[in-house]
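The structure appears right after this line, and notes come after that.
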Amino acid sequence: MAIEPGLMLAGMLMIGFLAQWLAWRVKLPAILFLLLAGIVLGPVGGVLDPDRLLGGLLFPTVSLAVALILFEGSLTLRFHELPGIGKAVRGLVSYGAVASLLLLALAAHLVAGLAWPIALLFGALACVTGPTVIAPMLRTLRPNARIANTLRWEGIVIDPLGALFAVLIYEAIVSRQEGHTIGVFIATIGCGVGIGALSAWLMAFFLRRQLIPEYLQNYAVLAAVLFAFSVSNTLTHESGLLAVTIMGIALGNLRGVHIDDILDFKESLTTVLVSLLFILLAARLHWPLPHGMLGAGIALFLIAQFLVRPLTVAIASFRSGLSWRERALIGWVAPRGIVAASVSALFALRLDALGVAGAEALVPLVFTLIIGTVILQSATARPLAIWLKVAEPEPRGVLIFGSDPVARAIGASLHEAGFRVVLADDDWDGIRLARMEGLATFFGNPASPHAERCLDLSGIGRLLAVSTHRERNSLACVHYRQEFGRSKVYRLRNLTPQENTDRAALVGSLLAPPLFDEAMTHGRFAEMLAHGWRIKSTKLSTTFDWPHFIEQYGSNSVLMFGVEEKGALRVASAKRELEPKPGWTVIALVPPSEPRPE
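Counting along the sequence shown from 1, when you hit position 204 you're at 235 in our numbering, and nothing is skipped either side.
Spelled out as structure tokens, the structure:
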């Protein structure tokens, strides 16, 4: 029975959501479940036929979606951050990436029999990891901070650079196939670069001068990206992808342009596009695969996993300061992601239409590599990290949402007690003061897609939501409840129990246990600090136990945390009262000392 197109599109949206949700639940890259869903719907079940569903709109739809995906990825490349990312990352995204591209191209040429142009294009696509696949894997892997930072920054930087490599090689193939001279190829590159840079400059001009109202800025950027892509393609054939990649890189690096809201919008839009796009692309796979492609794809995956990645990491990280154990784990982890899948499918459509030999092999080879790397590395990376002794122990650190004086005081007390503490907030003034006080920070909403990609949670196992924004505290608790567990998420009340009437109360499912005692609120904590109360850390003993502490500092002292002898952190809560024992270190808010009589 034929399914009505409207129902099919709505069903794809729902299946895409379920795939994204399942990936969130099991902490695996969503691309794996999206590709598997497309394969089940298309070649296995025969329910979805993208060519029949979209007809002549298939290629324009895929082209525009890939353009937006490349633009969103390119926005995240910030040149000013490159000098600080370490020798290993700079090696991995420069000569390491080139070495990986060439080795993978050589393998594709020898194993799959691809002509050199298509083999080089495969190498450019297959050398790219990306934050959308690295971030979920790092949450399960939990390596030490140096490995996590190296892998995360490699994915962020190489995502747009790898796309740029692939687009340039693709332009060369198309020019050669259509009989263009080197001058035409250079003109194509120049047009893409020029239109991309000009579009970024014009958009920055309007944004800086606030000539576009805020509610229209996301719409304006979306329209400008698609318009730049289409105009560039019209002026010089197939230069549009290069134009949007350059536009994203340029707009992300121009000074005085606030793009955080734009980036959030593009990330949300990209999630929808990726969900639809990969189901469509996987559904177009022909099963069984062309003769020899399955065996060649598996062979290329094994070569990439066991030979190319370890070799390029060894070269790129030589004398980088990483230990051999850290380099070994980095050499094992390199899942392929969105850029490889989306761009390979788009190029395959276009190259196949041009009659380029071997173009039909591009998608099955890349998809086999994606599925192989994600499945194998997700299953084995954590045991390997433990065996190599580079895995983080049970996470003891604390993520604090907020950066005002209350959050900074709580963070400083935990930092002094030896715990890793990260303060996350989108209030720049508070974050700046926290940095000046020596605390680790993240500028941004900790529950945002940007935080999922860039917030380093290595060694972090708890959330304390102590910002002045009651609703955002609750949303952060809901967001991190799945990450850390229900018992590791707390909030500081913004309203007293008397103020929290039915009109003001939040739904119970949004609430986390309140911090400290029943009467403690953010306002009360801030007021106590302003009146000279201080946070005191004291180790208890058999001769100076908790009753003695109360006797010395006053019965109105507020117990905040307890640190057990083995270093485990216990959080005082109105729902879970602590009973400090000898040997513990207690952290409490104590009243100001009374002046001694002279």
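For every residue, glycine included, the Cβ atom is placed at its ideal position computed from N, Cα and C.
Looking at residue j and residue i, is the spacing between their C-beta atoms short of 8 Å?
i           : j           : result
residue 150 : residue 157 : no
residue 277 : residue 223 : yes
residue 63  : residue 402 : yes
residue 447 : residue 568 : yes
residue 478 : residue 256 : no
residue 326 : residue 275 : no
residue 433 : residue 456 : yes
residue 484 : residue 50  : no
residue 486 : residue 474 : no
residue 273 : residue 235 : no
residue 518 : residue 438 : no
residue 204 : residue 370 : no
residue 339 : residue 134 : yes
residue 191 : residue 279 : yes
residue 91  : residue 314 : no
residue 361 : residue 348 : yes
residue 308 : residue 96  : yes
residue 589 : residue 619 : yes
Alpha helix (DSSP H) containing residue i: first to last residue?
i           : result
residue 118 : 118-124
residue 90  : 89-106
residue 593 : That residue, residue 593, is in no alpha helix (DSSP H); its beta strand (DSSP E) goes 589-594.
residue 340 : 340-347
residue 256 : 245-266
residue 491 : That residue, residue 491, is in no alpha helix (DSSP H); its beta strand (DSSP E) goes 491-496.
residue 356 : 355-363
residue 419 : 393-419
List the whole-angstrom C-beta distance separating residue i from residue j, where the pair is believed to meet the contact cut-off of C-beta under 8 Å.
i           : j           : result
residue 452 : residue 471 : 6 Å
residue 79  : residue 72  : 4 Å
residue 351 : residue 122 : 7 Å
residue 525 : residue 553 : 5 Å
At the level of alpha carbons, what is the spacing between residue i and residue j?
i           : j           : result
residue 357 : residue 181 : 10 Å
residue 364 : residue 258 : 37 Å
residue 534 : residue 502 : With a pLDDT of only 46 at residue 534, under 50, the local geometry of the prediction cannot be trusted, and no value is derived from it.
residue 538 : residue 337 : Residue placement at residue 538 cannot be trusted, given a pLDDT of 44 that sits under 50; what the coordinates show is reported in the next sentence. The alpha-carbon atoms of residue 538 and residue 337 are separated by roughly 51 Å.
residue 494 : residue 566 : 19 Å
residue 163 : residue 61  : 8 Å
residue 47  : residue 305 : 9 Å
residue 378 : residue 426 : 43 Å
residue 466 : residue 87  : 54 Å
residue 422 : residue 570 : 30 Å
residue 242 : residue 431 : 37 Å
residue 578 : residue 429 : 28 Å
residue 287 : residue 245 : 15 Å
residue 623 : residue 546 : 21 Å
residue 488 : residue 102 : 27 Å
residue 208 : residue 374 : 19 Å
residue 185 : residue 193 : 11 Å
residue 449 : residue 436 : 20 Å
residue 490 : residue 516 : 15 Å
residue 610 : residue 583 : 17 Å
residue 219 : residue 232 : 20 Å
residue 366 : residue 129 : 17 Å
residue 213 : residue 268 : 14 Å
residue 505 : residue 523 : 10 Å
residue 229 : residue 359 : 43 Å
Quick check on residue i: buried or exposed, where buried means 16 or more other Cβ atoms within 10 Å of its Cβ?
i           : result
residue 420 : exposed
residue 615 : buried
residue 410 : exposed
residue 460 : exposed
residue 174 : buried
residue 404 : buried
residue 301 : buried
residue 591 : buried
residue 331 : buried
residue 45  : exposed
residue 160 : buried
residue 368 : buried
residue 521 : buried
What residue range does the beta strand (DSSP E) around residue i cover?
i           : result
residue 76  : Where residue 76 is concerned, there is no enclosing beta strand (DSSP E), given that its DSSP letter is neither H nor E.
residue 219 : Run containing residue 219: none in the beta strand (DSSP E); it sits in the alpha helix (DSSP H), 213-239.
residue 62  : Unbroken run through residue 62 is the alpha helix (DSSP H), 61-70; no beta strand (DSSP E).
residue 163 : Taken as a continuous stretch (DSSP letters only), residue 163 belongs to no beta strand (DSSP E), being part of the alpha helix (DSSP H) at 162-172.
residue 568 : 565-570
residue 618 : 616-621
residue 472 : 471-474
residue 428 : 428-432
residue 454 : 452-456
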